[in-house]
Amino acid sequence: MLVSVASICQFRVPKASHVYEHSTVKKPIWRWRQRSPVIRCCNRKEAVETKMEKNYYELLGVSVDSEPLEIKEAYRKLQKKYHPDIAGQEGHEHTLLLNEAYKVLMREDLRRKYDASIGQMRAFFSGDMSGLGYSSWDGSLRSKALFVDGNACIGCRECVHHASNTFVMDEALGCARVKVQYGDDEQKLEVSVDSCPVNCIYWVDREELPVLEFLVQPQPKEGYGVFGGGWERPKNVFAAAESFSKQLKNQTANQHQRNTHFTVEEETPAQAEARVNASKKINAGRFSRLWDWAKRAFQKDM
Amino acid sequence: MAEPAYTVASDSETTGEEKSSSTFAEIAIGIDIGTSQCSIAVWNGSQVELLKNTRNQKLMRSYVTFKDGVPSGGVSSQLLHEHEMLSGAAIFNMKRLIGRVDTDPVVHASKSLPFLVQTLDIGVRPFIAALVNNVWRSTSPEEVLAIFLVELKAMAEVQLKRPIRNVVLTIPVSFSRFQLTRIERACAMAGLHVLRLMPEPTAVALLYAQQQQQTAHDNMGSGSEKIALIFNMGAGYCDVAVTATAGGVSQIKALAGSAVGGEDLLQNMMHHLLPDAESLFLDRGINEIKSMGLLRVATQDAIHKLSFQHSVQIDVDLGTGSKISKVVDRGEFEDVNRKVFEKCESLITQCLHDAKVQIEDVGDVILVGGCSNIPKIKNLVLNVCKRDELYKGMNPLEAAVCGAALEGAVASGLSDPFGNLDLLTIQATPLAIGIRADGNNFVPIIPRNTTMPARRELLFTTVHDNQTQALIFVYEGEGKTVEENHLLGYFKITGITPAPKGVPEINVCMDIDASNALRVFAGVLQPGSHLPAIPFMEVRMPTVDDGHGWCAEALHRAHGSSLDLVTVQKKI
Chain A
0 MLVSVASICQ
10 FRVPKASHVY
20 EHSTVKKPIW
30 RWRQRSPVIR
40 CCNRKEAVET
50 KMEKNYYELL
60 GVSVDSEPLE
70 IKEAYRKLQK
80 KYHPDIAGQE
90 GHEHTLLLNE
100 AYKVLMREDL
110 RRKYDASIGQ
120 MRAFFSGDMS
130 GLGYSSWDGS
140 LRSKALFVDG
150 NACIGCRECV
160 HHASNTFVMD
170 EALGCARVKV
180 QYGDDEQKLE
190 VSVDSCPVNC
200 IYWVDREELP
210 VLEFLVQPQP
220 KEGYGVFGGG
230 WERPKNVFAA
240 AESFSKQLKN
250 QTANQHQRNT
260 HFTVEEETPA
270 QAEARVNASK
280 KINAGRFSRL
290 WDWAKRAFQK
300 DM
Chain B
0 MAEPAYTVAS
10 DSETTGEEKS
20 SSTFAEIAIG
30 IDIGTSQCSI
40 AVWNGSQVEL
50 LKNTRNQKLM
60 RSYVTFKDGV
70 PSGGVSSQLL
80 HEHEMLSGAA
90 IFNMKRLIGR
100 VDTDPVVHAS
110 KSLPFLVQTL
120 DIGVRPFIAA
130 LVNNVWRSTS
140 PEEVLAIFLV
150 ELKAMAEVQL
160 KRPIRNVVLT
170 IPVSFSRFQL
180 TRIERACAMA
190 GLHVLRLMPE
200 PTAVALLYAQ
210 QQQQTAHDNM
220 GSGSEKIALI
230 FNMGAGYCDV
240 AVTATAGGVS
250 QIKALAGSAV
260 GGEDLLQNMM
270 HHLLPDAESL
280 FLDRGINEIK
290 SMGLLRVATQ
300 DAIHKLSFQH
310 SVQIDVDLGT
320 GSKISKVVDR
330 GEFEDVNRKV
340 FEKCESLITQ
350 CLHDAKVQIE
360 DVGDVILVGG
370 CSNIPKIKNL
380 VLNVCKRDEL
390 YKGMNPLEAA
400 VCGAALEGAV
410 ASGLSDPFGN
420 LDLLTIQATP
430 LAIGIRADGN
440 NFVPIIPRNT
450 TMPARRELLF
460 TTVHDNQTQA
470 LIFVYEGEGK
480 TVEENHLLGY
490 FKITGITPAP
500 KGVPEINVCM
510 DIDASNALRV
520 FAGVLQPGSH
530 LPAIPFMEVR
540 MPTVDDGHGW
550 CAEALHRAHG
560 SSLDLVTVQK
570 KI
């Protein structure tokens with residue numbers, strides 16, 4: 000469990016493994032010295048560009064609903080391009096990612112866990128929003144769900160105090176978030192929502208929840224010129240969610256059609272499991288983010 | 000490709016290895032150093048070509064004789080008679096001895112060889128010596144191998160008319176990383192640079208991938224995935240691999256191997272013919288060496304003959320008054336070696352299990368190596384794989400070296416206009432690598448059969464309150480406790496902030512690159528703090544040299560369990 004969590008976090012956070020890369024680069028790897036510098040340069044550039052900015056599906060260039068056979072084929076094709084035997088030592092980091100992505104996506108259980116963790120699970124695209132996301136559900140699914148806008152939250156812990164089974168404090172981000180939907184009784188929930196001094200706890204539609212929860216997580220930011228890298232989350236998470244959904248719909252219009260047979264009315268056992276996994280992920284996720292922060296701190300100081 | 004007029008700054012930091020950069024197109028040659036035979040091959044621009052020595056041999060006996068004090072190897076020299084090799088002056092079977100300590104059963108089994116293998120049973124390297132002018136002259140497996148490689152190198156350089164530097168060597172699956180460093184050392188002594196060390200069956204898998212791709216080209220087929228089982232048994236080692244092949248990519252699913260081979264068959268048979276052989280040979284007088292040599296040759300002949308006929312008459316005069324005259328049939332031979340054959344079977348089953356492949360899904364069964372002619376081996380492989388036929392189209396004695404030559408060409412960055420080099424092997428780790436934790440247990444961090452290159456990490460924590468230091472012992476192997484595994488190295492992590500036991504988080508990360516180099520990173524994490532406490536450590540393994548068992552013991556004596564670690568429990 001820990002291993003997989005650690006590697007996922009390594010992937011999700013672009014600079015997570017930099018501590019290691021630093022040392023890798025410093026070390027003269029003379030086995031590959033006889034290669035032409037021309038090849039090395041372009042490879043390095045490519046490696047930097049593609050480095051970990053993508054999720055496993057994008058990395059392998061497959062759609063989220065692809066069959067194992069397609070994944071295998073894509074993996075082989077990419078290996079032929081990036082494997083250190085062919086691309087030289089610069090292919091090392093990328094091949095590590097490919098291997099990790101392949102391992103996760105080829106195993107049904109790991110893939111489901113991963114899908115849940117990136118907040119855009121296959122179920123999401125199949126049209127049935129069963130409330131999978133960062134928070135898990137206690138009991139049956141309901142039409143409304145609680146959501147904390149992390150941008151507005153001042154970290155007063157008022158909600159955690161009133162409904163400790165539902166809300167948790169995210170120490171790394173300094174804001175509260177929902178761990179378990181309906182973890183406490185209605186009354187406690189009402190009190191905690193009302194007690195929030197900045198009114199950042201919202202009742203939202205269940206369908207909106209995964210997107211919101213996905214977007215409220217700080218995401219690694221791509222560098223554009225001087226506005227390089229870093230982390231960001233949308234200023235207005237609700238507006239961002241709306242455009243994000245629209246974008247997704249456009250992007251996956253074709254997939255929607257292909258996927259209609261995936262559509263299910265009730266929550267399938269697989270989804271139920273994913274929901275459970277998602278809650279596990281939160282517990283571990285808290286830790287993994289700390290790990291990333293520690294690593295980033297390392298890197299700054301290096 | 001034209002060289003640019005400038006040099007990238009980071010390129011100049013190397014240590015003079017850079018001179019070969021102008022010979023970018025140097026094709027690495029493939030060498031298969033077998034326990035008994037050796038071959039060398041190279042990609043000649045359109046196909047793999049095996050190089051022949053001056054006596055027109057493609058396969059050369061792996062031995063070095065120190066007769067008259069001048070070492071000469073099996074590449075160039077011609078033995079007058081087989082008995083000369085067994086006179087005590089020649090060292091052979093170095094692949095079974097290299098990198099092993101004197102408590103190793105394989106080393107003990109080698110004590111019946113005609114040269115001197117002395118063991119003190121304390122976990123150091125054995126003393127190995129050749130008989131030169133009636134004196135035991137000391138040498139080492141590395142030295143012997145290096146002499147042999149120098150001859151191979153010279154032979155190839157003459158034929159290819161260019162200096163040879165980069166090589167791809169095939170190795171047994173069961174070799175530990177320490178043994179690999181010994182092989183690399185021998186190559187360095189011979190002035191060769193190891194580009195890749197390839198487990199033998201994976202070299203065969205690469206050749207298979209090439210053949211499959213050619214067939215796919217011919218049929219204009221799509222080249223769908225084919226799963227093959229490769230069984231390779233030579234004189235010293237037995238290896239199994241399961242590989243999935245498609246489009247020239249050979250993906251190793253699982254590897255299994257053990258140090259059993261033709262040499263064991265031979266020794267068991269010798270023991271069967273002369274039960275008190277060990278006591279007879281204890282003193283190693285000149286006469287005993289001679290009679291042992293006679294017995295060895297006779298037994299070897301008999302085993303070869305038993306591959307083609309059902310029984311064989313053995314008549315040998317050992318010269319010391321004892322004569323052996325016996326008829327041995329195939330059943331007897333198979334009975335004497337039942338344990339060896341059982342081991343082979345279990346390796347196949349284990350490999351299939353590890354690869355998560357049903358035997359019905361296996362497309363081709365490939366049998367290679369010097370033992371592939373033995374009927375029992377053939378039957379056993381066919382039986383376990385539920386097949387009637389083996390894969391044809393490979394020379395069982397040349398497959399490994401051909402694969403190594405292909406890998407040499409691919410890893411040298413060569414491409415072929417006809418797509419014959421559009422190949423890739425995706426290797427897997429043959430042994431698990433981990434550290435000592437939870438008392439005396441071995442906790443794997445990179446499990447066996449992980450796709451390479453690989454990087455894995457695991458969290459550990461302290462066992463004592465206010466523990467500020469921790470020792471990281473890196474082991475390789477499959478055993479549950481550390482004693483069953485090979486120690487690769489150790490180092491200390493310092494600067495753990497004093498805290499109750501179980502609180503500090505120590506991250507241990509291992510990284511294996513495509514050329515199989517292992518690096519271990521470790522350091523203390525400080526949650527909540529943005530300041531790095533202590534820089535992480537990066538250690539290239541293996542670091543221990545001889546007597547590795549002793550290091551762990553000495554460290555334990557000195558520190559007890561005060562610097563121990565435990566795995567972090569799941570936080571759910």
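The listed protein sequences derive, respectively, from chains A and B.
The numbers in numbering that gives the first Met the number 0 rise by one with no breaks, and the one at position 283 of the first sequence is 282.
The numbers in numbering that gives the first Met the number 0 rise by one with no breaks, and the one at position 412 of the second sequence is 411.
A virtual CB, placed ideally from N, CA and C, is assigned to each residue, including glycine.
- Task: Counting only runs of 4+ residues fully inside the region 300-360 of chain B, write out the alpha helix (DSSP H) ranges in chain order.
- Result: 329-335 and 337-354
- Item | Identity of the residues DSSP links to leucine 366(B) by a beta bridge | To locate residue 366(B), count along the second sequence from 1; it is residue 367. Answer is Phe230(B), bridged to leucine 366(B).
- Query: Touch check for the region 253-271 of chain B and the region 43-61 of chain B: three-plus C-beta pairs under 8 Å?
  - Reply: no
- Could you confirm whether any beta carbon from chain A is found closer than 8 Å to the beta carbon of valine 100(B)? Residue numbering aside, residue 100(B) sits at position 101 when the second sequence is read from its first letter. Not an interface residue.
- Item | isoleucine 492(B) vs isoleucine 471(B) beta-carbon contact at 8 Å | Here residue 492(B) corresponds to residue number 493 of the second sequence, with the count starting at 1. Here residue 471(B) corresponds to residue number 472 of the second sequence, with the count starting at 1. Their beta carbons are under 8 Å apart, which means isoleucine 492(B) touches isoleucine 471(B) by this criterion.
- Message: Taking the alpha helix (DSSP H) that glutamine 158(B) belongs to, which residues open and close that run?
- Response: Residue 158(B) sits at position 159 when you count from the first residue of the second sequence. Per DSSP, glutamine 158(B) belongs to the alpha helix (DSSP H) from 140-159.
- From the DSSP output, which residues share a beta bridge with valine 131(B)? Taking the second sequence and counting its residues from 1, the one referred to as residue 131(B) is at position 132. Valine 131(B) is bridged to Val134(B).
- Item | Residues within the region 426-452 of chain B neighbouring chain A, beta-carbon criterion of under 7 Å | Thr450 and Pro452
- Message: Below 8 Å, how does it come out for the region 142-161 of chain B and the region 105-121 of chain B: are there three or more Cβ pairs, yes or no?
- Response: no
- Mind listing the chain B neighbours of threonine 94(A)? Cutoff is C-beta to C-beta under 8 Å, in chain order. On the first sequence, residue 94(A) is found 95 positions in, with the first residue counted as 1. Within chain B, the residues near threonine 94(A) are Pro452 and Ala513.
- Query: Looking at the structure shown, is cysteine 158(A) part of a helix, part of a strand, or coil, going by DSSP?
  - Reply: Here residue 158(A) refers to the residue found at position 159 of the first sequence. Residue state, collapsed to three classes: helix.
- Task: Leaving out five residues on either side along the sequence, give the residues of the same chain with a beta carbon under 7 Å from the beta carbon of glutamine 223(B).
- Result: The count along the second sequence starts at 1 and reaches residue 223(B) at position 224. The amino acid at residue 223(B) is misidentified as glutamine; the sequence shows serine. Around serine 223(B): Ala245.
- the region 231-258 of chain B: which residues have C-beta closer than 7 Å to a C-beta of chain A, in chain order? Ala245, Gly246 and Val248
- Selection of the region 399-427 of chain B by Cβ proximity to chain A, strictly under 8 Å: Glu406, Val409, Ala410, Gly412, Asp421, Leu423, Thr424 and Ile425
- Task: Give, in chain order, every residue of the region 72-87 of chain A whose Cβ lies closer than 7 Å to some Cβ of chain B.
- Result: Arg75, Gln78, Lys79, His82, Pro83, Asp84 and Ile85
- Query: Should histidine 91(A) be flagged as near chain B, meaning a C-beta pair shorter than 8 Å?
  - Reply: Here residue 91(A) refers to the residue found at position 92 of the first sequence. Answer yes: the Cβ-Cβ gap between histidine 91(A) and chain B drops below 8 Å somewhere.
- Query: Considering only residues of the same chain and omitting the five flanking positions on each side of glutamate 48(A), which have a CB-CB separation below 8 Å?
  - Reply: Start at 1 with the first residue of the first sequence, and residue 48(A) comes out as number 49. At glutamate 48(A) the pLDDT is 36, less than 50, meaning the model places this residue with poor confidence; the figure from the coordinates comes in the next sentence. Excluding sequence neighbours, glutamate 48(A) sits near nothing in its chain.
- Any idea what DSSP makes of alanine 431(B), helix, strand or coil? Position 432 of the second sequence, counted from the start, is the residue given in the question as residue 431(B). Strand, per DSSP.
- What span of residues does the alpha helix (DSSP H) with glutamine 78(A) cover, start to end? Translated into the one-based positions of the first sequence, residue 78(A) becomes position 79. Run containing glutamine 78(A): 67-81, per the alpha helix (DSSP H) assignment.
- CA-CA distance, alanine 551(B) and glutamate 331(B)? Counted from its first residue, the second sequence places residue 551(B) at position 552. Counted from its first residue, the second sequence places residue 331(B) at position 332. Using only the alpha carbons, I get a separation of about 44 Å.
- Message: Please report the distance separating the alpha-carbon of leucine 265(B) from that of leucine 273(B).
- Response: Position 266 of the second sequence holds residue 265(B). Position 274 of the second sequence holds residue 273(B). Cα to Cα, leucine 265(B) sits roughly 12 Å from leucine 273(B).
- Could I get the ranges of all uninterrupted alpha helix (DSSP H) runs contained in the region 228-277 of chain B, with 4 residues as the minimum, in chain order? 261-272
- Query: Is the region 188-198 of chain B touching the region 164-173 of chain B in the sense that three or more CB pairs, one from each, lie closer than 8 Å?
  - Reply: yes
- Message: Could you pull the DSSP bridge partners for serine 38(B) from this structure?
- Response: By 1-based counting over the second sequence, the position of residue 38(B) is 39. Note: serine 38(B) sits in a beta bridge opposite Asp31(B).
- Have a look at the DSSP bridge pairing and note the partners of phenylalanine 441(B). Looking up residue 441(B) in the second sequence gives position 442. Partner(s): Arg435(B).
- Among His558(B), Gln210(B), Ala215(B) and Cys237(B), the one whose alpha carbon lies nearest that of glycine 402(B): Translated into the one-based positions of the second sequence, residue 402(B) becomes position 403. The candidate whose alpha carbon is nearest that of glycine 402(B) is Gln210(B).
- Message: Check this for me: beta carbons of threonine 75(B) and asparagine 92(B), under 8 Å apart or not?
- Response: Position 76 of the second sequence, counted from the first residue, corresponds to residue 75(B). Position 93 of the second sequence, counted from the first residue, corresponds to residue 92(B). Checking the sequence shown, residue 75(B) turns out to be serine, not threonine. No. Outside cutoff.
- Message: For a test of the three-state rule: what should DSSP assign to tyrosine 55(A), helix, strand or coil?
- Response: Sequence index remark: in the first sequence, residue 55(A) carries index 56 (1-based). Tyrosine 55(A): helix per DSSP, three-state reduction.
- Message: For asparagine 55(B), tell me which candidate among Ser38(B), Val315(B) and Trp42(B) has the shortest Cα-Cα distance.
- Response: Within the second sequence, numbered from 1, the residue matching residue 55(B) stands at position 56. Answer by Cα proximity: Ser38(B).
- Please state whether DSSP places asparagine 378(B) in a helix, a strand or coil. On the second sequence, residue 378(B) is found 379 positions in, with the first residue counted as 1. Reduced to three states, the DSSP call for asparagine 378(B) is helix.
- Checking contacts by CB at 8 Å: is asparagine 98(A) closer than that to chain B? Residue numbering aside, residue 98(A) sits at position 99 when the first sequence is read from its first letter. For asparagine 98(A), the answer is yes, since a Cβ of chain B falls inside 8 Å of its Cβ.
- Mind checking whether leucine 423(B) and histidine 93(A) have CB atoms under 8 Å apart? Start at 1 with the first residue of the second sequence, and residue 423(B) comes out as number 424. Start at 1 with the first residue of the first sequence, and residue 93(A) comes out as number 94. Going by C-beta atoms, leucine 423(B) is not nearer than 8 Å to histidine 93(A).
- Message: In whole angstroms, give me the CA-to-CA distance for alanine 73(A) and serine 514(B).
- Response: In the first sequence, residue 73(A) corresponds to position 74, counting from 1. In the second sequence, residue 514(B) corresponds to position 515, counting from 1. The straight-line gap from Cα to Cα measures roughly 23 Å.
- Task: Using the DSSP secondary-structure output, state which residues sit across from valine 565(B) in a beta bridge.
- Result: Indexing the second sequence from 1 puts residue 565(B) at position 566. DSSP lists Thr460(B) as partners of valine 565(B).
- Should isoleucine 445(B) be labelled buried (16 or more other beta-carbon atoms within 10 Å of its own) or exposed? For this step, residue 445(B) is matched to residue 446 along the second sequence. Label assigned to isoleucine 445(B): buried.
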